[in-house]
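Have a look at the structure below before the remarks.
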Amino acid sequence: PIEIAPDFDFGHIEFYARFAFLEQDNLLLGAQASISLPTGSSGTSGLGLPLPAEDGLGLNVGVPLVLKVSETFRLETGGELELILGDNTQLHLDFPAAFLFQVTPVIYVGPTTAVFIYDMDDIAIEAGVVAGFTIQQNETPFVDLIAGFEFPGFLTSIGEDAVNVEAFTLTFGARFIFT
90 PIEIAPDFDF GHIEFYARFA FLEQDNLLLG AQASISLPTG SSGTSGLGLP LPAEDGLGLN
150 VGVPLVLKVS ETFRLETGGE LELILGDNTQ LHLDFPAAFL FQVTPVIYVG PTTAVFIYDM
210 DDIAIEAGVV AGFTIQQNET PFVDLIAGFE FPGFLTSIGE DAVNVEAFTL TFGARFIFT
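Just add 89 to the spot in the sequence shown (first one is 1) and you have our numbering.
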């Protein structure tokens, strides 16, 4: 992600793979593994909060869950465990949620949130919005182009202020879909 305020920062680049091992009616349950490369320009925590820098390689495992409530609404959630290696080794838990509305067959948008337990101690709650465009090949989803705007430490137990809107991120990504 790109952190804009209070200081411009380029966050770590993350690559991940997901595999759905359970597909029933309107439910998808899967496994996820990811690697986060330490490419941040200043080594910040990524939350815009007074936390130690994440200066090392990140390894993540998770269990994503997609619940298709209707043809036009789905909930994407799950749980993730992240290990940051380096001079300041850290262990985080993350419980993200996206409430996505399918505006057209190829465009979706919705609010996002996450409960982030930083180094198994401090808590931050993210608030944001995401939009995506699906590129299809032979009427089958092939690539999702995604853009997000987030306040990563919107509510927090960290620092002096419980509400933090000084730091926000812009996230851009591409998700390739193999069926």
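Virtual Cβ for every residue (Gly too), placed ideally from N, Cα, C. Everything numeric in this text was worked out from a predicted model, so none of it was measured.
- Setting aside the 5 residues that flank it on each side, I124 is surrounded in the same chain by E103, F104, Y105, L146, G147, L148, N149, each with a C-beta closer than 8 Å to its C-beta; the list follows chain order.
- Here I235 has G221, G262 as same chain residues with Cβ atoms under 6 Å from its own Cβ, once five neighbours each way along the sequence are excluded.
- V195 and F240 have their C-alpha atoms spaced approximately 26 Å apart.
- Under a 10 Å Cβ-count criterion, L116 is classified as exposed, with fewer than 16 other Cβ atoms of the shown protein chains found around its own Cβ.
- Sequence-distant Cβ neighbours of A186 in its own chain, meaning closer than 8 Å and more than five residues away, are L164, E165, T166, T201, T202, A203.
- Take T193, set aside five residues on each side of it, and no residue of its chain has a beta-carbon closer than 8 Å to its own.
- DSSP places L118 within a strand segment (E or B) once states are collapsed to three.
- In this structure, DSSP gives A251 a state outside helix and strand, which the three-state scheme calls coil.
- Between G199 and F184, the gap from beta carbon to beta carbon reaches 8 Å or more.
- Shown here, T178 sits in coil according to DSSP, grouped into three states, outside any helix or strand.
- Cβ neighbours of Q225 within its own chain (closer than 7 Å, five residues either side excluded): V195, F231.
- Within the DSSP bridge table, the entry for S125 names E103, G147 as partners.
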